[in-house]
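Numbering (my numbering), first residue to last: 3 to 97. Read through the structure below, which is laid out as structure tokens, and then see the notes.
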């Protein structure tokens, strides 16, 4: 058996990731990946449930172009707001 232990896409779209990230792109990524996992009967875990307010320096270092995107991998905002990727995963996990 194969299991993907972590996958995800940052929804960060600020100065350090201009035009690359968005909540919509994050949801599209989840849809594409889950479709492939289902075709291959591959189990998976998503990374991560909530966005982070801050990322410790010892995790990714001090460089802002590394730290900023790491804050926005969540399926929910740091304030608990549900993102489109969460809505997709909620329906998918109910199958």
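Where is the CB? At the ideal position from N, CA and C, for every residue including glycine. Computed from a predicted structure; not experimentally measured.
Self-check item: Extent of the continuous alpha helix (DSSP H) run through residue 37
Solution: Position 35 of the chain shown, counted from the start, is the residue given in the question as residue 37. Segment 25-41, the alpha helix (DSSP H) holding residue 37.
Self-check item: CA nearest to the CA of residue 40, picked from 4, 86, 27
Solution: Taking the chain shown and counting its residues from 1, the one referred to as residue 40 is at position 38. Measuring from the Cα of residue 40, the nearest candidate turns out to be 4.
Exercise. Would you mind sorting residue 71 into buried or exposed? The rule is 16 or more other CB atoms within 10 Å of its CB.
Key: Counting from 1 along the chain shown, the entry for residue 71 is found at position 69. Counting Cβ neighbours within 10 Å, residue 71 comes out buried, since at least 16 surround it.
Practice problem: State the Cα-Cα distance for the pair residue 29 and residue 11, rounded to the nearest angstrom. | Solution: Translated into the one-based positions of the chain shown, residue 29 becomes position 27. Translated into the one-based positions of the chain shown, residue 11 becomes position 9. Their backbone Cα atoms lie some 9 Å apart in a straight line.
Quiz item: Can you find at least 3 beta carbon pairs, one from the region 49-65 and one from the region 30-37, that sit closer than 8 Å?
Solution: no
Practice problem: Take residue 95 and list the residues in its own chain whose beta-carbon comes closer than 7 Å to its own, dropping the five residues that flank it on each side. | Solution: As a first step, residue 95 is located in the chain shown; it is residue number 93 there, counting from the start. No residues qualify anywhere along the chain.
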